[in-house]
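Residue numbering for the sequence shown follows full-length UniProt numbering, beginning at 1 and increasing consecutively. Backbone N, C-alpha and C define an ideal beta-carbon position, used for all residues, glycine too. If you're wondering where the values come from, they're calculated on a predicted model, not measured in any experiment.
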Amino acid sequence: MGNTQRAHAILSASGSKRWLSCPPSAKLEEQFPESTSEFAEEGTYAHSFAELKLRGYITTDLKPSVYKKKLAEIKKDPFYSQSLDDYIEQYINIVGEKYLAAKKNSSDSFVMLEQKLDFSEWVPDGFGTGDVVLISPGILEIVDLKYGQGVPVSAEGNTQMRLYALGALNQYGMLYDFDKIKMTIIQPRLDSISEDEITVQELLDWGESVVKPTADMAIAGEGEFKSGDHCQFCRAKAVCRKRAEDNLEMARYEFEDPNILSNDEIADILAKAAELQKWASDVQAYALDQAENHGVKFTGWKLVEGRSNRKYTDEDAVATKLKDEGYASDVIYQPQKIWGISEMEKKIGKRLFADYLTEFVVKPAGKATLVPESDKRPEISSVASAVRDFDDLYENKLQHETEKIPDDILN
Ligand code: SF4
1 MGNTQRAHAI LSASGSKRWL SCPPSAKLEE QFPESTSEFA EEGTYAHSFA ELKLRGYITT
61 DLKPSVYKKK LAEIKKDPFY SQSLDDYIEQ YINIVGEKYL AAKKNSSDSF VMLEQKLDFS
121 EWVPDGFGTG DVVLISPGIL EIVDLKYGQG VPVSAEGNTQ MRLYALGALN QYGMLYDFDK
181 IKMTIIQPRL DSISEDEITV QELLDWGESV VKPTADMAIA GEGEFKSGDH CQFCRAKAVC
241 RKRAEDNLEM ARYEFEDPNI LSNDEIADIL AKAAELQKWA SDVQAYALDQ AENHGVKFTG
301 WKLVEGRSNR KYTDEDAVAT KLKDEGYASD VIYQPQKIWG ISEMEKKIGK RLFADYLTEF
361 VVKPAGKATL VPESDKRPEI SSVASAVRDF DDLYENKLQH ETEKIPDDIL N
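This is the structure we're talking about:
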């Protein structure tokens, strides 16, 4: 791999939050292989499908007959499902609305799809692909589709979007006069649309004062290691010394009462427990992989066979044998079972699922979970406080009714 390719690989836009927070992680990561998942492949397919649909509906650069043919072809892919089609339709509608608004603003507005955006002026050999770039007078807009169904990603201060915006500005800033940049992340499977806006000057200042010097440090393997949320996307996360030290430091606790924890101490531990758990399970997964697939021995530990369940070698042969022995079908086969909600939605599509089945779907209250106060979900009352409220209500009611009883009866 040449130096420039290497820089592109280690200073990727998608990993920018990590290497901007912890510059030496870029070089440290190089020692660990990248893994590609089935989800990433599905995401790539969803992007191709979305691009084709945008070309059919918005840029209309394909003849209708060619578009139809390509659509029929792409639908043959194993990743295609009606629900994917519905989700991409939602994304297309949002992009369509943005495009119409830009056109209304000026007929000179135009859209570009899957544009290579070169931000190498700030990051060595930095480039990425912008799903949608909308150019209209004074405004440069970048739209990014994220097809995963993990967690909602915010566009606010999002470094990947900002790097793409720098790339777009680099390419089109000479031709058009922009004042502001808009950035939108659309995650149709999570019903999430997140937007951010920044002036051109703010973006350029960030590029010069933050990105450029940090990228130079990162490529040279310099700078300070810094652990945080960004560690979860780091390939060195299981063996990184800094992350281990910070977690072990977190676990060291100065207890006031040596025997019993106070509620404040428990609250403090809860805040640290989530990160500690993540770190511990990363280390466990790494150690298992090393022991199982690379023959590594860890002192005091050994590899053993886990529990397993018996299984039939040939289900058809089992059924035939039992039929021959005179057993009825209901003894041999399980009753037919309806597909679960997510699977059914995937099979018939989100829209038709809503049309046909909404009235048959309920969402029971979820199990109580303890989360930090910053969580967006509204607080629910505890069982104890509900009992207290009921007792108060009952007492008030009793008091009220007692007041209504004439004195002569009470006496
Ligand atoms: S695990 Fe965290 S602290 Fe360690 S190199 Fe990666 S990002 Fe930096």
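What is the DSSP secondary structure of residue i, reduced to helix, strand or coil?
{"i": "residue 366", "result": "coil"}
{"i": "residue 344", "result": "helix"}
{"i": "residue 12", "result": "coil"}
{"i": "residue 192", "result": "strand"}
{"i": "residue 130", "result": "strand"}
{"i": "residue 426", "result": "With the chain covering 1 to 411 only, the question about residue 426 has no answer from this structure."}
{"i": "residue 48", "result": "helix"}
{"i": "residue 338", "result": "coil"}
{"i": "residue 349", "result": "coil"}
{"i": "residue 86", "result": "helix"}
{"i": "residue 303", "result": "coil"}
{"i": "residue 145", "result": "strand"}
{"i": "residue 261", "result": "coil"}
{"i": "residue 35", "result": "coil"}
{"i": "residue 381", "result": "coil"}
{"i": "residue 227", "result": "coil"}
{"i": "residue 1", "result": "Reliability of the predicted coordinates at residue 1 is poor, the pLDDT of 49 falling under 50, and the value obtained from them is presented with this limitation in mind. DSSP places residue 1 in coil when its eight states are reduced to three."}
{"i": "residue 138", "result": "strand"}
{"i": "residue 295", "result": "coil"}
{"i": "residue 356", "result": "helix"}
{"i": "residue 321", "result": "helix"}
{"i": "residue 18", "result": "helix"}
{"i": "residue 312", "result": "coil"}
{"i": "residue 125", "result": "coil"}
{"i": "residue 331", "result": "helix"}
Going by the CB atoms, is the gap between residue j and residue i shorter than 8 Å?
{"i": "residue 203", "j": "residue 162", "result": "yes"}
{"i": "residue 152", "j": "residue 201", "result": "no"}
{"i": "residue 46", "j": "residue 164", "result": "no"}
{"i": "residue 340", "j": "residue 82", "result": "no"}
{"i": "residue 276", "j": "residue 291", "result": "no"}
{"i": "residue 130", "j": "residue 119", "result": "no"}
{"i": "residue 372", "j": "residue 218", "result": "no"}
{"i": "residue 196", "j": "residue 138", "result": "no"}
{"i": "residue 95", "j": "residue 54", "result": "yes"}
{"i": "residue 221", "j": "residue 24", "result": "yes"}
{"i": "residue 50", "j": "residue 10", "result": "no"}
{"i": "residue 185", "j": "residue 158", "result": "yes"}
{"i": "residue 160", "j": "residue 13", "result": "yes"}
{"i": "residue 22", "j": "residue 226", "result": "yes"}
{"i": "residue 42", "j": "residue 79", "result": "yes"}
{"i": "residue 215", "j": "residue 364", "result": "no"}
{"i": "residue 134", "j": "residue 98", "result": "yes"}
{"i": "residue 247", "j": "residue 279", "result": "yes"}
{"i": "residue 190", "j": "residue 149", "result": "yes"}
{"i": "residue 74", "j": "residue 48", "result": "yes"}
{"i": "residue 194", "j": "residue 245", "result": "no"}
{"i": "residue 332", "j": "residue 319", "result": "yes"}
{"i": "residue 285", "j": "residue 298", "result": "no"}
{"i": "residue 294", "j": "residue 18", "result": "no"}
{"i": "residue 370", "j": "residue 240", "result": "no"}
{"i": "residue 62", "j": "residue 210", "result": "no"}
{"i": "residue 122", "j": "residue 207", "result": "yes"}
Would the beta-carbon of residue i be found less than 7 Å away from any heavy atom of the ligand SF4?
{"i": "residue 47", "result": "no"}
{"i": "residue 281", "result": "no"}
{"i": "residue 476", "result": "A question about residue 476 goes unanswered here, because the residues of the chain that appear run from 1 up to 411."}
{"i": "residue 25", "result": "yes"}
{"i": "residue 291", "result": "no"}
{"i": "residue 204", "result": "no"}
{"i": "residue 242", "result": "yes"}
{"i": "residue 28", "result": "yes"}
{"i": "residue 237", "result": "yes"}
{"i": "residue 18", "result": "yes"}
{"i": "residue 230", "result": "yes"}
Does the count of Cβ pairs from the segment 136-152 and the segment 229-237 closer than 8 Å reach three?
-> no
Inter-stretch contact at 8 Å, needing at least 3 Cβ pairs: the segment 168-175 / the segment 102-120 = yes
Mind the definition here: the segment 72-90 touches the segment 343-357 only if three or more C-beta pairs lie below 8 Å; say whether that holds.
-> yes
Just list the beta strand (DSSP E) runs in the segment 148-224, keeping only unbroken ones of 3 residues or longer that don't cross its boundaries, in chain order.
-> 178-187, 192-199
Secondary structure, alpha helix (DSSP H): runs of 4+ residues fully inside the segment 53-117 = 64-74, 82-105
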